[in-house]
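There are 2 protein chains.
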Amino acid sequence: MAEPMYRQIADDLRRKIEAGELQRGGRLPTEIDLREQYDASRNTVRDAIKWLTTRGLVETRPGQGTFVTERITPFVTTLTGPPEGGDEDVYLAEVVASSRTPYTSDPRVEMQRATGNIARALHVEDGTHVVSRHQQRFIDGTPWSLQTSFYPMTLVNKGATELIQATSIEGGAVAYLAAQFGIKQVGYRDSIAVRVPNESETSFFKVPADGRVSVFEIYRVGFDEMGERFRLTVTVYPTDRNRLVINVGETPPVDVQDEPS
Amino acid sequence: MAEPMYRQIADDLRRKIEAGELQRGGRLPTEIDLREQYDASRNTVRDAIKWLTTRGLVETRPGQGTFVTERITPFVTTLTGPPEGGDEDVYLAEVVASSRTPYTSDPRVEMQRATGNIARALHVEDGTHVVSRHQQRFIDGTPWSLQTSFYPMTLVNKGATELIQATSIEGGAVAYLAAQFGIKQVGYRDSIAVRVPNESETSFFKVPADGRVSVFEIYRVGFDEMGERFRLTVTVYPTDRNRLVINVGETPPVDVQDEPS
DNA sequence: GGGTATTTGTCCGTATGTATT
DNA sequence: AAATACATACGGACAAATACC
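Going down the list, the sequences are from chains A and B. Sequential numbering from 8 applies to the first sequence in my numbering. Sequential numbering from 8 applies to the second sequence in my numbering.
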């Protein structure tokens, strides 16, 4: 018995799913039925289902059954854009171009002390005062991303008071800082990691609480003309419904069939 | 009883881990000990451990025990580079710069027919003949990425016979095509997704077979001066040991403390 | 190398709770 | 309210991997 029984059951079910014997979105036999079908105990059948669940092949719904997961048509986010641009405008342009309806919540603004990653990314001392602006973004009503931007409090002291208003900044904060204070963004750097979502993220994105859907965590640091870091934006996207795109050099426009499936 | 018992146990253990009561890399009490400690059954304790395992907080080793996972110092891959550059040289430069030792296997070369994603990405008909070159890459002996490049067979017919040699191409395939055949890469596009690794990937990367560590899958399409797609490179990186970086505009060099942890 | 103790992995059966139809 | 289906929890038995003597 090289393979444990629950793995054999899982592999057989996976084969049936991939062969199309079990349709996308379709319901699997109940645990009791599978128990008889494979001559195993219900717990062993559940182990097999759990194995498939971890791999995102099926999902269970109490009272209803176990279902083959449907493929989500991914939303595409392009990370490369004009160096002087903020994130908001790029985001809006893309979403509108794909004829979807975006919605961004009003920001929750907080005064904080930068610690750990935040301080390191902004190149400030641990404990430095910063403004954080946190927003939720939706597309067609689906929760899409959580975004938090951090600005050194020194910008506010210099008069950039819009940063501490709990309303969206017309045209975006980056354009506001450029137009009003001459702080022009000449470049930015993104650092992309993948991690398990925390509790508030799972509840906002409505992903299963068992941590099998991970999230992209993107740190974007903006540089001004002196090479100083004047903002940090941390954006979190669920990996199950998002795809990131990067263009370098001369690239023709994306067309529909470019999307891998 | 809002929270199930196994969640309460898991939360308590997580708290102890995050508070430092259980050290990184340290061993948890045995399942039997935890069973007595929390006055639960061994299976319930195991459910709690499974919950923590899915979130990457602990890992189990048969015959040894359950351990708090250690943080892996991530390797950083910069996706933005010179538009005319291949991937190999950039990769080598980065690895050498961080004083690590890279190793790339000789390629496994196959003649294939492009289907599905491959055909779509190259903008060729389904079933078109292509050359695939598959390589394994290591850093300091650790498996780091799996890479497969696809080239239309028409390039070989035009004389680019190095593509079908099962040896590394000196200076990289992109430079070879530019120097010998005038096929200059003027830009490329990366499309980044996250998915669960398949069986050969879990075994190569030595990640747990239960699918809780996912992988980056990056499709890189190269464009020539006519805007045509002449190569596709698919690279897979485990997300637990890799971080991707993108630079746009003018960005100062990375320094050590930039690394989020 | 072999044997033994320890520890996690697999599998069973059963009972009860909770969500949905 | 009743039926259905998955979720939680218990206890027990044996297997497999590892460490240690």
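Don't be surprised by glycine CBs; every beta carbon is placed ideally from N, CA and C.
8 Å contact criterion, which residue i and residue j should meet: CB distance rounded
i	j	result
residue 63(A)	residue 61(B)	At roughly 12 Å, the Cβ-Cβ gap does not stay under 8 Å, so residue 63(A) and residue 61(B) are not in contact.
residue 167(B)	residue 187(B)	7 Å
residue 13(B)	residue 46(B)	The pair is not a contact, with the Cβ atoms about 13 Å apart (cut-off 8 Å).
residue 83(A)	residue 252(A)	6 Å
residue 73(A)	residue 34(A)	7 Å
residue 58(B)	residue 17(B)	4 Å
Proximity test, residue i beta-carbon vs the ligand GDP heavy atom, cut-off 7 Å
i	result
residue 165(A)	Looking for the ligand GDP in the displayed structure turns up nothing, as the structure carries no ligands at all.
Where residue i meets chain A, residues with beta-carbon distance less than 7 Å
i	result
residue 22(B)	Chain A residues near residue 22(B): none, gap ~13 Å exceeds 7 Å.
Contact set between residue i and chain B, taken where Cβ atoms lie within less than 8 Å
i	result
residue 221(A)	201, 221 and 246
residue 284(A)	With chain A covering 8 to 268 only, the question about residue 284(A) has no answer from this structure.
residue 90(A)	255, 256 and 257
residue 217(A)	58 and 61
residue 194(A)	254, 255, 256, 257 and 258
CB contact flag (residue i, residue j, <8 Å)
i	j	result
residue 243(A)	residue 184(A)	no
residue 201(B)	residue 245(B)	no
residue 39(A)	residue 75(A)	no
residue 155(B)	residue 136(B)	no
residue 108(B)	residue 146(B)	yes
residue 77(B)	residue 134(B)	no
residue 92(A)	residue 181(A)	yes
residue 162(A)	residue 212(A)	no
residue 36(A)	residue 30(A)	no
residue 157(A)	residue 216(A)	no
residue 119(B)	residue 139(B)	yes
residue 241(A)	residue 257(A)	no
residue 129(A)	residue 159(A)	yes
residue 206(A)	residue 222(A)	no
residue 56(A)	residue 247(A)	no
residue 260(A)	residue 230(B)	no
residue 239(B)	residue 125(B)	yes
Within chain B, the residues that residue i reaches when beta carbons sit closer than 9 Å
i	result
residue 272(A)	Limits of chain A in this structure are 8 at one end and 268 at the other, which puts residue 272(A) out of reach.
residue 230(A)	256, 257, 258 and 259
Listed by chain order, chain A residues near residue i by CB distance under 8 Å
i	result
residue 87(B)	87, 253 and 255
Beta-carbon neighbours of residue i, restricted to chain B and to distances below 7 Å
i	result
residue 234(A)	259
Original post:
Could you give the uninterrupted runs of the beta strand (DSSP E) lying entirely in the stretch 198–242 of chain A, keeping only those of 3 residues or more?
Top reply: For secondary structure counted as the beta strand (DSSP E) over 3 or more consecutive residues, the stretch 198–242 of chain A holds these complete runs in sequence order: 222–230.
Original post:
Does the stretch 168–175 of chain A touch the stretch 111–130 of chain A, meaning 3 or more C-beta pairs lie closer than 8 Å?
Top reply: Flag = yes, the stretch 111–130 of chain A and the stretch 168–175 of chain A touch.
Original post:
Would the stretch 188–203 of chain B and the stretch 81–90 of chain B be scored as touching if the rule is three or more Cβ pairs under 8 Å?
Top reply: Yes, since at least three Cβ pairs between the stretch 188–203 of chain B and the stretch 81–90 of chain B fall closer than 8 Å, the two stretches touch.
**OP:** Return the chain-ordered ranges of every beta strand (DSSP E) run that is complete within the stretch 137–168 of chain B and spans a minimum of 3 residues.
**Re:** Listed in chain order, the beta strand (DSSP E) elements of length 3 or more contained wholly in the stretch 137–168 of chain B are 149–159.
Subject >> Every unbroken beta strand (DSSP E) inside the stretch 20–45 of chain B [3 residues or more] >> reply: The qualifying runs do not exist here; there are none.
Original post:
Which parts of the stretch 64–109 of chain A are runs of the beta strand (DSSP E), unbroken and 3 residues or longer, counting only runs that do not cross its ends?
Top reply: You should have 65–68, 72–75 and 82–85.
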